[in-house]
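Inspection log for the structure reproduced underneath, given as structure tokens.
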Amino acid sequence: MNILRKILFPFAILYGLITAIRNFLFDKGILKSYSFDLPIIAVGNLSVGGTGKTPQIEYLIRLLSGDYKVATLSRGYKRKSEGFVLADANANAEILGDEPFQFFQKFPNIQVAVDANRKNGIEQLLSKTPKPDVILLDDAYQHRKVKAGFYILLTAYGDIYADDFMLPTGNLRESRSGAQRADVIIVTKCPVDLSLDEQNRIKRFLLRRNDKGINQELYFSCIAYDDCIYSENSKIEIGELQGEAKLLLAGIAKPEPFFSYLKNPNDVCLTYPDHHHFSENDIQEILIKAQDSIIITTEKDYVRLKGSLPVEQLFYLPIQSSFLSKGIEFDKKIKNYVGTGTRNS
Numbered sequence: 001m002n003i004l005r006k007i008l009f010p011f012a013i014l015y016g017l018i019t020a021i022r023n024f025l026f027d028k029g030i031l032k033s034y035s036f037d038l039p040i041i042a043v044g045n046l047s048v049g050g051t052g053k054t055p056q057i058e059y060l061i062r063l064l065s066g067d068y069k070v071a072t073l074s075r076g077y078k079r080k081s082e083g084f085v086l087a088d089a090n091a092n093a094e095i096l097g098d099e100p101f102q103f104f105q106k107f108p109n110i111q112v113a114v115d116a117n118r119k120n121g122i123e124q125l126l127s128k129t130p131k132p133d134v135i136l137l138d139d140a141y142q143h144r145k146v147k148a149g150f151y152i153l154l155t156a157y158g159d160i161y162a163d164d165f166m167l168p169t170g171n172l173r174e175s176r177s178g179a180q181r182a183d184v185i186i187v188t189k190c191p192v193d194l195s196l197d198e199q200n201r202i203k204r205f206l207l208r209r210n211d212k213g214i215n216q217e218l219y220f221s222c223i224a225y226d227d228c229i230y231s232e233n234s235k236i237e238i239g240e241l242q243g244e245a246k247l248l249l250a251g252i253a254k255p256e257p258f259f260s261y262l263k264n265p266n267d268v269c270l271t272y273p274d275h276h277h278f279s280e281n282d283i284q285e286i287l288i289k290a291q292d293s294i295i296i297t298t299e300k301d302y303v304r305l306k307g308s309l310p311v312e313q314l315f316y317l318p319i320q321s322s323f324l325s326k327g328i329e330f331d332k333k334i335k336n337y338v339g340t341g342t343r344n345s
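So for the sequence shown, UniProt numbering puts the first residue at 1; every next one is plus one.
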């Protein structure tokens with residue numbers, strides 16, 4: 001924790017008090033939460049950024065879209081449009097935001113919508129034909145105006161929420177007690193060889209901080225990287241890149257694992273802020289530093305860079321969320337909620 005964050009500790013106390021009062025008012029029904037007549041799953045976190053919400057939403061899409069009409073609803077962070085937008089043939093990353101546009105490109109059989117007002121967004125989706133069977137709320141854990149029927153709380157390995165402080169001293173959006181609203185907690189971005197002893201230690205640490213812990217399920221997941229990188233019209237196996245100089249580019253919250261998976265000694269790495277909109281100067285910088293070598297970026301950055309860099313140079317590395325264990329149990333829990341619930345409350 002740097003010195004500035006320590007100095008700002010009184011503001012963290014004030015911010016924590018404000019969020020605690022807000023949650024109390026929702027808990028007591030003084031501030032109204034709205035329910036809807038279909039299953040709604042909210043995926044989110046207590047801390048800001050970098051917990052793997054996008055791979056988890058995509059996991060749920062793959063799990064459910066074969067049997068149900070699925071819709072995703074996101075805020076559309078840093079998009080240049082306003083209000084409710086339902087993705088169509090004219091959609092792009094500037095209209096939807098990078099993550100929703102990624103959903104739209106990867107899963108053409110689902111509805112993808114954005115609206116900062118989740119209540120209005122759900123109402124708009126329910127007025128469309130076909131009407132969705134289930135809605136996935138992306139990054140909506142603190143959006144309490146809508147009462148989801150199932151809450152998935154994500155916390156990243158090595159950056160567990162129970163070890164953190166409120167903003168601006170730490171990275172928490174609300175108190176650690178907010179974890180009690182979750183139906184399941186997933187520790188994301190774990191090492192693939194995380195031992196059972198370490199998993200049990202984390203489980204004891206998290207659930208003893210949570211009065212509802214006895215009723216919650218805890219899961220552990222990792223990021224599974226693809227064996228290939230992809231461009232608009234070709235792919236290359238990762239093994240073929242050994243010893244080849246390339247430019248690695250990431251505008252995500254925590255890019256270190258991405259770089260570590262791909263990096264060779266002669267590679268150039270460029271980092272940009274999360275959800276960065278690439279300017280013409282940025283594009284020129286990338287081209288100068290890449291020269292004639294290939295450029296590999298994340299899926300989220302690819303949807304913003306596509307069309308601005310040469311097709312033959314620009315590639316992306318897909319990722320998926322993968323459970324270390326109990327994945328079948330998690331799938332059954334989700335399918336049971338969606339299949340038996342006609343109402344999200």
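Yeah, the Cβ is synthetic: ideal placement off N, Cα and C, and Gly gets one too.
ask   = Taking the C-alpha atoms as reference points, what is the distance between Thr-19 and Tyr-316?
value = Along the sequence shown, one-based indexing puts residue 19 at 19. Along the sequence shown, one-based indexing puts residue 316 at 316. The C-alpha of Tyr-316 is placed about 38 Å away from the C-alpha of Thr-19.
query = What distance in whole Å lies between the Cβ atoms of Leu-125 and Ala-113, which are believed to be in contact at a cut-off of 8 Å?
reply = Locating residue 113 in the sequence shown gives position 113, where the first residue counts as 1. Locating residue 125 in the sequence shown gives position 125, where the first residue counts as 1. Confirmed, Cβ separation roughly 6 Å.
Same chain, Cβ closer than 7 Å to Ser-322, neighbours up to 5 away in sequence not counted = Mapped onto the sequence shown, residue 322 falls at position 322. Once the five neighbours on either side are set aside, the close Cβ partners of Ser-322 are Ser-221, Cys-222, Ala-224.
key: Continuous alpha helix (DSSP H) stretch holding Gly-251: start and end   = Residue numbering aside, residue 251 sits at position 251 when the sequence shown is read from its first letter. Premise fails: Gly-251 is in no alpha helix (DSSP H) and is neither H nor E.
ask   = By Cβ distance below 6 Å, which residues in the same chain neighbour Leu-8 in space, the five residues on each side in sequence not counted?
value = Locating residue 8 in the sequence shown gives position 8, counting from the first residue. Once the five neighbours on either side are set aside, the close Cβ partners of Leu-8 are Pro-168, Thr-169.
inquiry  = For the pair the region 329-340 and the region 272-287, tell me if three or more CB-CB distances fall below 8 Å.
reply    = no
Cβ-based neighbour list, Gly-213, same chain, cut-off 6 Å, excluding 5 preceding and 5 following = The residue you call residue 213 lines up with position 213 of the sequence shown. Unreliable placement is indicated for Gly-213, whose pLDDT of 47 sits below 50; the coordinate value is still reported in the next sentence. Once the five neighbours on either side are set aside, the close Cβ partners of Gly-213 are Leu-207.
query = Straight-line CA distance for Leu-314 to Leu-31?
reply = Along the sequence shown, read from residue 1 onward, the residue named residue 314 stands at position 314. Along the sequence shown, read from residue 1 onward, the residue named residue 31 stands at position 31. Between Leu-314 and Leu-31, the C-alpha separation is close to 48 Å.
key: Backbone CA spacing between Gly-16 and Arg-201 [nearest angstrom]   = The sequence position of residue 16 within the sequence shown is 16, counting from 1. The sequence position of residue 201 within the sequence shown is 201, counting from 1. Near 27 Å, if we compare the C-alpha coordinates of Arg-201 and Gly-16.
query = Hey, how far is the Cα of Val-146 from the Cα of Pro-255?
reply = Walking along the sequence shown from the start, residue 146 turns up at place 146. Walking along the sequence shown from the start, residue 255 turns up at place 255. Using only the alpha carbons, I get a separation of about 32 Å.
request  = Using alpha carbons as the reference points, say which of Lys-131, Leu-64, Tyr-219, Asp-274 lies closest to Glu-198.
outcome  = Here residue 198 corresponds to residue number 198 of the sequence shown, with the count starting at 1. That would be Tyr-219, whose Cα lies nearest to the Cα of Glu-198.
ask   = Going by DSSP, which residues form a beta bridge with Val-43?
value = Here residue 43 refers to the residue found at position 43 of the sequence shown. Answer is Asp-138, Ile-152, bridged to Val-43.
task = Express the C-alpha separation of Lys-28 and Val-303 in angstroms, rounding to a whole number.
result = Here residue 303 refers to the residue found at position 303 when the sequence shown is read from its first residue. Here residue 28 refers to the residue found at position 28 when the sequence shown is read from its first residue. Rounded to whole angstroms, Val-303 to Lys-28 spans 42 Å at the Cα level.
Nearest-angstrom Cα separation, counted from Lys-326 out to Pro-191 = As a first step, residue 191 must be located in the sequence shown, where it is residue number 191. As a first step, residue 326 must be located in the sequence shown, where it is residue number 326. Rounded to the nearest angstrom, the two C-alpha atoms are 16 Å apart.
request  = Measure the alpha-carbon distance for Ile-13 versus Val-187 and round it to whole angstroms.
outcome  = Position 13 of the sequence shown holds residue 13. Position 187 of the sequence shown holds residue 187. Answer to the nearest angstrom: the Cα atoms are 26 Å apart.
inquiry  = Quick check on DSSP: helix, strand or coil for Ala-71?
reply    = Against the sequence shown, residue 71 aligns to sequence position 71. Residue state, collapsed to three classes: strand.
query = Using DSSP with H/G/I as helix, E/B as strand and the rest coil, what is Asn-235?
reply = Residue mapping note: residue 235 aligns to position 235 of the sequence shown, counting from 1. The sequence shown places Lys at residue 235, not Asn. Correct three-state label for Lys-235: strand.
ask   = Which whole-angstrom value describes the C-beta separation of Leu-73 and Ile-135, a residue pair presumed to lie in contact below a C-beta threshold of 8 Å?
value = Stepping through the sequence shown from its first residue, residue 73 is reached at position 73. Stepping through the sequence shown from its first residue, residue 135 is reached at position 135. The pair is a contact, with the Cβ atoms about 6 Å apart (cut-off 8 Å).
request  = Can you grab the Cα-Cα spacing for the pair Lys-335 / Ile-152, in whole Å?
outcome  = Indexing the sequence shown from 1 puts residue 335 at position 335. Indexing the sequence shown from 1 puts residue 152 at position 152. When rounded, the distance between both Cα atoms is 14 Å.
inquiry  = Considering just the uninterrupted stretch of the beta strand (DSSP E) at Gln-111, what are its terminal residues?
reply    = Residue numbering aside, residue 111 sits at position 111 when the sequence shown is read from its first letter. Start and end: 111-114.
ask   = Does the beta-carbon distance from Tyr-245 to Phe-258 come in below 8 Å?
value = Taking the first residue of the sequence shown as position 1, residue 245 is located at position 245. Taking the first residue of the sequence shown as position 1, residue 258 is located at position 258. Before going further, note that residue 245 is Ala rather than Tyr in the sequence given. Not closer than 8 Å, so no.
Cβ shell of Thr-271 (< 7 Å), same chain only, five flanking positions each side left out = For this step, residue 271 is matched to residue 271 along the sequence shown. Excluding positions up to five away in sequence, the list reads Ala-250, Pro-255.
request  = Express the C-alpha separation of Val-70 and Cys-4 in angstroms, rounding to a whole number.
outcome  = Residue mapping note: residue 4 aligns to position 4 of the sequence shown, counting from 1. Residue mapping note: residue 70 aligns to position 70 of the sequence shown, counting from 1. For the sequence presented, residue 4 should be read as Leu rather than Cys. C-alpha of Leu-4 to C-alpha of Val-70: approximately 44 Å in a straight line.
ask   = Beta carbon of Phe-278, beta carbon of Leu-241: below 8 Å?
value = As a first step, residue 278 is located in the sequence shown; it is residue number 278 there, counting from the start. As a first step, residue 241 is located in the sequence shown; it is residue number 241 there, counting from the start. Taking 8 Å as the Cβ cut-off, Phe-278 and Leu-241 do not qualify as a contacting pair.
inquiry  = So, with DSSP's three-state summary, where would you put Gly-213?
reply    = Translated into the one-based positions of the sequence shown, residue 213 becomes position 213. With a pLDDT of only 47 at Gly-213, under 50, the local geometry of the prediction cannot be trusted, and the value read off the model is given with reservation. Gly-213 falls in the helix class under three-state DSSP.
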